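Q: Please see the structure below; I have some questions.
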Amino acid sequence: MNLDIFRMAHSLNEWLWQHEYWLPPGITWEDMKESEDTHYPQPHDLLLSIPFALILVVIRCFFERTIALPLSGKLGVRDKLRPKAQPNPVLETFYGMHRKNPKEGELINLAKQCDLPVRKVERWFRRRRNIDRPNLSKKFCEACWRFTFYIISFFTGLAILYDKPWLWDHRECWTGYPQQHCEKLSRGLESTHLLSTQTRITSKKIASQAENLLLHHQHREQR
1 MNLDIFRMAH SLNEWLWQHE YWLPPGITWE DMKESEDTHY PQPHDLLLSI
51 PFALILVVIR CFFERTIALP LSGKLGVRDK LRPKAQPNPV LETFYGMHRK
101 NPKEGELINL AKQCDLPVRK VERWFRRRRN IDRPNLSKKF CEACWRFTFY
151 IISFFTGLAI LYDKPWLWDH RECWTGYPQQ HCEKLSRGLE STHLLSTQTR
201 ITSKKIASQA ENLLLHHQHR EQR
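Shown next as structure tokens:
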């Protein structure tokens, strides 16, 4: 049984990492082998982004609680008091399992089930949606973290790339492609940056764009 599982895993691994999927025509993984002086991007480099991203998530939580949140108070950022929706199991079930903004026919049906006026049902859903929306303090903390993170990332990128020819001449990006030497310091940094910036995104539209951006950059790194 264990031998069969091992064979299946081995077959899956061989199928997944076929060079036709990841490398340009005429290039195989044998051509991308590293030496003491030459380093190429490797698939396993992506694994380094996972612990780095988790570390950045911890740093972000610490930053928001100890720096951004106190700063919001000093700058006068105050959360508005939002009236809470009265407990109602029927409406709460519909809100969680179906939709947060019911249509007119659904409002009438829910009003009959709860023996409430339609206006009160509408007001309940409006208050319930407001509770789920991020408050001003949370928005400020997120903006503060993004500002700090991107500023640090920008100057870190300048420090790493200022002496690289492809920073000043984009045509150098394709010199020797795909067998391009990659310094160990820069391996995995792009994926780490992308993974760390996509954590705790509240907007569905931004989250969708972030997912597409992440997949695009991961595919480009393997190219």
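Going by full-length UniProt numbering, the sequence shown opens with residue 1, and the numbers climb by one from there. For every residue, glycine included, the Cβ atom is placed at its ideal position computed from N, Cα and C. Model, not experiment: these values are computed from the prediction.
#1: Return yes when the Cβ of Trp-145 is within less than 9 Å of the Cβ of Phe-63, no when it is not.
#2: Starting from Val-57 and walking both ways along the alpha helix (DSSP H), at which residues does that stretch end?
#3: To the nearest whole angstrom, what separates the beta carbons of Asp-31 and Gln-179, a pair I think is in contact under 8 Å?
#4: Can you tell which of Leu-91, Gly-73, Thr-175, Leu-158 has its C-alpha closest to the C-alpha of Phe-140?
#5: Within 10 Å of its beta-carbon, does Arg-60 have 16 or more other beta-carbons around it, so buried, or fewer, so exposed?
#6: Could you pull out every residue in the same chain whose Cβ sits closer than 6 Å to the Cβ of Trp-124, ignoring the five residues on either side in sequence?
#7: I need the DSSP call for residue 242, collapsed to helix, strand or coil.
#8: Run the CB neighbour count on Trp-174, radius 10 Å, all protein chains shown included, and call it buried at 16 or more, exposed below.
#9: Between Arg-129, Arg-171, Ile-67, which lies nearest to Asn-101 when the distance is taken from Cα to Cα?
#10: Near Leu-161, what residues of its chain come up, given a Cβ to Cβ distance below 7 Å and the 5 sequence neighbours on each side ignored?
#11: May I have the straight-line CA-CA distance separating Gly-76 from Ile-67, to the nearest angstrom?
#12: If I measure Cβ to Cβ from Ile-108 and keep anything under 8 Å in the same chain, skipping five residues before and after, which residues do I get?
#13: Give me the residue from Tyr-150, Pro-83, Pro-43 with the minimum Cα distance to Gln-18.
#14: Would you kindly check if the distance between the Cβ of Arg-127 and the Cβ of Arg-171 is under 9 Å?
A: In brief:
#1: What you label residue 63 is simply residue 63 of the sequence shown in a count that begins at 1. What you label residue 145 is simply residue 145 of the sequence shown in a count that begins at 1. It is a contact, given that the beta carbons lie within the stated cut-off.
#2: What you label residue 57 is simply residue 57 of the sequence shown in a count that begins at 1. Note, Val-57: alpha helix (DSSP H), 49-63.
#3: For the purposes of this step, residue 31 is identified with residue 31 of the sequence shown, where counting begins at 1. For the purposes of this step, residue 179 is identified with residue 179 of the sequence shown, where counting begins at 1. Going by Cβ atoms, the distance from Asp-31 to Gln-179 rounds to 6 Å, so yes, they are a contact pair.
#4: As a first step, residue 140 must be located in the sequence shown, where it is residue number 140. Closest option to Phe-140, Cα to Cα, is Gly-73.
#5: The count along the sequence shown starts at 1 and reaches residue 60 at position 60. Burial call: buried.
#6: By 1-based counting over the sequence shown, the position of residue 124 is 124. For Trp-124, where only same-chain residues beyond five positions count, the Cβ hits under 6 Å are Ala-85, Leu-91.
#7: Here the chain has residues from 1 to 223 only, and residue 242 is not among them.
#8: The residue given as residue 174 occupies position 174 in the sequence shown. Trp-174 should be labelled exposed.
#9: Translated into the one-based positions of the sequence shown, residue 101 becomes position 101. The option with the nearest alpha carbon to Asn-101 is Arg-129.
#10: Looking up residue 161 in the sequence shown gives position 161. So the qualifying residues of the chain are Leu-167.
#11: Within the sequence shown, the letter at position 76 stands for residue 76. Within the sequence shown, the letter at position 67 stands for residue 67. Going by the C-alpha atoms only, they are around 15 Å apart.
#12: Here the question's residue 108 lines up with position 108 in the sequence shown. Closer than 8 Å at Cβ, skipping near neighbours: Val-118.
#13: The residue you call residue 18 lines up with position 18 of the sequence shown. Checked all of Tyr-150, Pro-83, Pro-43; the closest Cα to Gln-18 is Pro-43.
#14: For the purposes of this step, residue 171 is identified with residue 171 of the sequence shown, where counting begins at 1. For the purposes of this step, residue 127 is identified with residue 127 of the sequence shown, where counting begins at 1. No, the Cβ-Cβ distance between Arg-171 and Arg-127 is not below 9 Å.
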